[in-house]
Amino acid sequence: MGMGSERKSKVEKPIRGMEEMIAAGLMGKGNECLLFQKHGIQELSGDDYFLKNHEFATWLTEEINIFFSDLSSEAARKLFLEFIKEWNKLKLESRYNEGITTGLRTARDWKINK
1 MGMGSERKSK VEKPIRGMEE MIAAGLMGKG NECLLFQKHG IQELSGDDYF
51 LKNHEFATWL TEEINIFFSD LSSEAARKLF LEFIKEWNKL KLESRYNEGI
101 TTGLRTARDW KINK
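Encoded structure:
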């Protein structure tokens with residue numbers, strides 16, 4: 001190498017398409033994401049709004065500091081899309097993936113059991 005030549009670092013191409021994901025070991029041939037299989041969870045979509053509502057309500061309260069009851073339907077759906085992004089990037093604590101049976105939905109203390 002001469003004095004004026006610079007060493008170029010190898011930049012990896014982003015993975016595009018199903019075949020490249022399969023070749024990289026990230027996707028199985030049946031289109032299942034192997035990362036999710038490894039962690040024993042399922043990838044979420046907007047269709048899971050009611051299925052993962054307890055996890056979503058907990059995430060809102062603990063991570064965003066908003067109660068579910070304080071949101072309009074439209075705002076809740078938009079924030080659910082943010083929740084999905086975090087879930088699908090495997091950025092949430094394992095307790096979200098394991099399942100949360102109840103979620104704090106309101107700041108109101110109803111004192112029903114007292």
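In this text, residue positions in the sequence shown follow the numbering used here: the first is 1, and each later residue adds one. Even for Gly, the Cβ is constructed at its ideal location relative to N, Cα and C.
How long is the line joining the alpha carbons of Glu43 and Leu51, rounded to whole angstroms? Computed Cα separation, rounded: 12 Å.
With a CB to CB cut of under 6 Å and the five nearest residues on each side skipped, what residues in its chain are close to Tyr49? Phe80
Would you tell me roughly how many angstroms separate the C-alpha atoms of Trp59 and Phe68, rounded to the nearest one? 10 Å
When the Cα atoms are used, what is the spatial distance from Ile64 to Ser45? 20 Å
Where does Glu43 fall in DSSP's three states? coil
Tell me which residue opens and which closes the alpha helix (DSSP H) that Tyr96 is part of. Ser94 to Glu98
Rounded to the nearest angstrom, how far is the Cβ of Ile115 from that of Glu55, given a contact under 8 Å? Within the shown structure, residues of the chain are numbered from 1 to 114, placing residue 115 beyond reach of any answer.
State the DSSP-derived secondary structure class of Lys78, mapped to helix, strand or coil. helix
Glu86 beta carbon less than 8 Å from that of Leu92: yes
Could you compute how far the alpha carbon of Arg77 sits from the alpha carbon of Leu71? 9 Å
What do you get for Ala75, buried or exposed, if any count of 16 or more other CB atoms within 10 angstroms of its CB means buried? exposed
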